[in-house]
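Numbering (UniProt numbering), first residue to last: 1 to 339.
Take a look at the structure below.
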Amino acid sequence: MAGIRWPPEDAEVSHARVPTTADLISDDDRSVAADSWSIKSDYGSTLDDEQRHVDASDALSTGTFRAASDYSSDKEAPDAEVEPSMLGLQSYWDATYADELANFHEHGHAGEVWFGVEVMEIVASWTKNLCIDVVQGCVRNLVDGVGSQSSEQGAYDFSGWSVLDVGTGNGLLLRELAKQGFSDLTGIDYSEGAIGLARSLADRDGLTNMNFLVDDVLETKLEKQFQLVMDKGTLDAIGLHPDGPIKRMSYWDSVSRLVAPGGILVVTSCNSTKDELVQEVENFNQRRLTGSQNPEIPKDQEACRDLTFRYINHVRSYPTFMFGGSEGSRVSTVAFLRS
Ligand SMILES: C[S@@+](CC[C@H](N)C(=O)[O-])C[C@H]1O[C@@H](n2cnc3c(N)ncnc32)[C@H](O)[C@@H]1O
């Protein structure tokens, strides 16, 4: 099984330079930016592919190394300075997926598994168990209107759950969720190439229950709401836009409308710790609250006042590694329940 390929022991991680938007000039520059460590995919990458791709744990996390406890503890973690990078630009993703689509047609490769296969598998199985906990009432505020019944084998029927993956890329996370029993699966991405790749892969493998749409999550055209919304690496990418802080705020506004009342949002990030994500959600809730006290809010937006999230759980089982004398991890997965 392949996963994140960590930097060599003697590399100076904290000083690793991340390509910035100023560096985004040409395909050549993109290739240069991609020559650092790479995430390797079990779904078929050649060595060349690996070298062409930017390492998620490097580029998305902007070279910040933090202790494993930061990614999973309840303690306050300092905000990392996030420098804008080409990964925040749609042009980067369009060019990347154009390559990946060509690679798929030529070699049948599925492309990158961001954060590695192991993380993707953990996210999917952990999410399934979380949904079961929510339905069973182990987590307060049961998901409204979601049917989930135990079969004789103790397996749950998730056919009533609609699932949305924002910034789905090649759609492999949805495939992993399908293995866990989810069947109403939608993936959106603002890059046409990503959706082309995701559709091609699903068609090739006869996965007819997956729906893929070109859609910018910040200006979504989706009118439907979903019981489960997944994000793996998309908020990270959005935060790397030159207007990252503003775009992150608009992300929460948008996503909160996509999660059904009582539904679950699961965010996987290598750029924010669990505490930072929880804090970001608290800030979002606070903005909502402040907005709701504003008598000038138009009547048709009143429903939005109740859109808040509550932290419910996070993954505690990600592999950690020793680096420079401290134990590190670079991924956090946090779940929130919508009011
Ligand atoms: C790091 S990749 C992760 C892809 C996929 N979620 C995965 O885990 O393999 C970030 C993805 O977010 C998509 N993306 C970034 N900003 C977006 C936006 N505003 N709306 C929709 N998709 C976006 C990119 O095109 C890219 O596919």
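Just so you know, even glycine gets a beta-carbon here, dropped at the ideal spot from N, CA and C.
Because the structure is a prediction, the values reported are computed rather than measured.
- Rounded to whole angstroms, L228 and H107 show a C-alpha spacing of 33 Å.
- In this structure, the alpha-carbon of D94 lies about 42 Å from that of G137.
- Looking only at I195, T290, F212, D203, the smallest Cα-Cα distance to L185 is reached by F212.
- Across the set R199, T234, P242, the C-alpha of T234 shows the shortest separation from the C-alpha of V255.
- The stretch 212–222 and the stretch 162–181 touch, with three or more beta-carbon pairs separated by less than 8 Å.
- Counting along the chain, Y190 sits inside no beta strand (DSSP E), nor does DSSP assign it H or E at all.
- Just so you know, the alpha carbons of H105 and L89 end up roughly 25 Å apart.
- For N313, the pairing in a beta bridge is given by DSSP as A335.
- Put simply, the backbone Cα of N285 is about 8 Å away from that of L307.
- Rounded to whole angstroms, the Cβ separation of W114 and K274 is 18 Å, and the two are not in contact under 8 Å.
- When C-beta atoms of the stretch 171–182 are compared with those of the stretch 121–132, three or more pairs fall below 8 Å, so the two segments count as touching.
- Annotation: L222 is outside any beta strand (DSSP E) and is labelled neither H nor E by DSSP.
- In this structure, T168 and G196 do not form a Cβ contact; the two beta carbons are roughly 12 Å apart against a cut-off of 8 Å.
- N283 is classed as exposed because its beta carbon has fewer than 16 other beta carbons within 10 Å across all chains shown.
- If the five residues before and after L218 are omitted, its C-beta is found closer than 8 Å to the C-beta atoms of I238, K247, S250, Y251, S254, all from its own chain and listed in chain order.
- Residue pairing for T268: DSSP places it in a beta bridge opposite K232, T333.
- A direct Cα-to-Cα measurement between D157 and G181 gives close to 7 Å.
- L289 has its alpha-carbon roughly 16 Å from the corresponding atom of V278.
- The straight-line gap separating the alpha-carbon atoms of D205 and R287 is approximately 44 Å.
- Exposure of D203 is indicated by the presence of fewer than 16 other C-beta atoms within 10 angstroms of its C-beta.
- Closest by C-alpha distance to R316, out of V119, R310, G111, is V119.
- Rounded to whole angstroms, the gap between the alpha carbons of E112 and S200 is 15 Å.
- Shown here for V266: same chain residues with a beta carbon closer than 6 Å to its own, the five before and five after excluded, namely T127, M230, A335 in chain order.
- Taking the Cβ of T234 as the reference point, at least one heavy atom of ligand 1 falls within a distance shorter than 6 Å.
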